[in-house]
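Asks: Just dropping this structure here.
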Amino acid sequence: MKWIALIVVILLILIIVVSIYAASFFLNVALFRDNNWYEKTGHEMMNPDNFNKGKSQYDLTEEKQNLQGNEFWQQDFCQDHWLEVDGEKLYSRLIIPHPKSKKWVICVHGYRSFGQRDMAFVASKFSDQQYNILVPDLRAHGKSTGNVIGMGWLDRLDLLKWIQEVTTIEPGAEIVLFGGSMGAATVMMTSGETLPENVKGLVVDCGYSSVYSEFGAMLRSAFKLPAFPILTIADNLAKKKVGYSLKQASSINQLAKNNLPTLFIHGTGDKFVPHEMLYENMEATNGVKESLIVNNAPHLSSFIYEPDHYFDTVFEFIHRYC
Numbered sequence: 487m488k489w490i491a492l493i494v495v496i497l498l499i500l501i502i503v504v505s506i507y508a509a510s511f512f513l514n515v516a517l518f519r520d521n522n523w524y525e526k527t528g529h530e531m532m533n534p535d536n537f538n539k540g541k542s543q544y545d546l547t548e549e550k551q552n553l554q555g556n557e558f559w560q561q562d563f564c565q566d567h568w569l570e571v572d573g574e575k576l577y578s579r580l581i582i583p584h585p586k587s588k589k590w591v592i593c594v595h596g597y598r599s600f601g602q603r604d605m606a607f608v609a610s611k612f613s614d615q616q617y618n619i620l621v622p623d624l625r626a627h628g629k630s631t632g633n634v635i636g637m638g639w640l641d642r643l644d645l646l647k648w649i650q651e652v653t654t655i656e657p658g659a660e661i662v663l664f665g666g667s668m669g670a671a672t673v674m675m676t677s678g679e680t681l682p683e684n685v686k687g688l689v690v691d692c693g694y695s696s697v698y699s700e701f702g703a704m705l706r707s708a709f710k711l712p713a714f715p716i717l718t719i720a721d722n723l724a725k726k727k728v729g730y731s732l733k734q735a736s737s738i739n740q741l742a743k744n745n746l747p748t749l750f751i752h753g754t755g756d757k758f759v760p761h762e763m764l765y766e767n768m769e770a771t772n773g774v775k776e777s778l779i780v781n782n783a784p785h786l787s788s789f790i791y792e793p794d795h796y797f798d799t800v801f802e803f804i805h806r807y808c
């Protein structure tokens, strides 16, 4: 019996040691810009659809959209715009094609991406509807400085600064917040803060319900590891490493304080953020809410799979409620 007890103790110690190592490794690769494991290995593990490109109708549509977006990005009415916040230099593209319009949208990109890549085409579609646009690069992304990835939680505070910047440019601005992936989480997490009356509504595409839940989903699907006890340890380590807990970074908790109209969008083929999170987010919010679910669309690809239906739904929602 003593040998059995000893073996059990040794196994428990091994499990704890391995879990601590796995939690620390996962946090380092997930939350620090200067760790390049994600770009070399992790991205394909976590979001394989981005690496299965061919010449399907959807790939051709994406190419066409990217060309349109990049051409729009370089127009004369676009300029670089910077903010200094907490010693960091934060970049955005300020796009004012309609100087007399008071309609504005702030478009927020996804995890380890940047504004032009994710939002140039979306920005062009908003311009067609007479919107002026601001597209930030989130802290530790794109041209913005910083090393800690905020996963939307830290970014919500920077988004408040960008909202203030728009209202400085146009005090009468009527602002829609649009986000995709981590950008959607950023918008949802910002929704629980005190926002100026200028902010009229939210559009969130494939955002996660919390960082804790998203990391748990990634551990199970990409790493084939159990969330417990790795994620419990990671949650505690995160407080020391990056200054916030994974549970604290919750779209659900913030949406519970939101009263703004919100359109939730998700593709059922999403392997990066489980589309079931849409229902959790919708249930949490107190504002007017509608959803758009696009069958089989991979992560942040709903406007590639059904572009007309997607943007018709977005602008009908905005015109109705915002």
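The sequence shown begins at 487 in the working numbering and counts up by one. Every residue gets a Cβ at the ideal spot worked out from N, C-alpha and C, and that includes glycine.
#1: To the nearest angstrom, how far is the alpha carbon of L624 from that of I635?
#2: Spell out a yes or no on whether the region 768 to 778 and the region 739 to 748 are touching, meaning 3 or more CB-CB pairs, one atom from each, closer than 8 angstroms.
#3: Identify whether E792 lies in helix, strand or coil by the three-state DSSP scheme.
#4: Tell me, to the nearest whole angstrom, how far the beta carbon of N684 is from that of E660; I am working on the premise that it is less than 8 angstroms.
#5: Work out the CA separation of L711 and S667 for me, nearest whole Å.
#6: Tell me the residue span of the beta strand (DSSP E) that contains R519.
#7: Ignore the nearest five residues each way along the sequence and tell me which others in G702's own chain have a CB closer than 6 angstroms to its CB.
#8: Could you pull out every residue in the same chain whose Cβ sits closer than 7 angstroms to the Cβ of Y597, ignoring the five residues on either side in sequence?
#9: Please look up how many angstroms separate the CB atoms of C692 and I751, rounded, as I've assumed it's under 8 angstroms.
#10: Would W523 be called buried (16 or more neighbouring beta carbons within 10 Å of its own) or exposed?
#11: Roughly how many whole angstroms lie between the Cα atoms of R579 and V689?
#12: Starting from the C-beta of T653, find all residues in its chain whose C-beta is less than 7 angstroms away, skip the five residues before and the five after it, and write them out in chain order.
#13: For T771, name the three-state secondary structure that DSSP assigns.
#14: Rounding to the nearest angstrom, what Cα-Cα distance links V728 and K686 in this structure?
#15: Do P715 and S587 have their beta-carbon atoms positioned less than 8 angstroms apart in this structure?
#16: Helix or strand or just coil, what does DSSP make of S505?
Replies: Put simply:
#1: 9 angstroms
#2: yes
#3: coil
#4: 6 angstroms
#5: 23 angstroms
#6: Per DSSP, R519 belongs to no beta strand (DSSP E) and is neither H nor E.
#7: A713, L717
#8: S667, M668
#9: 7 angstroms
#10: exposed
#11: 19 angstroms
#12: A659, P682, N684
#13: coil
#14: 32 angstroms
#15: no
#16: helix
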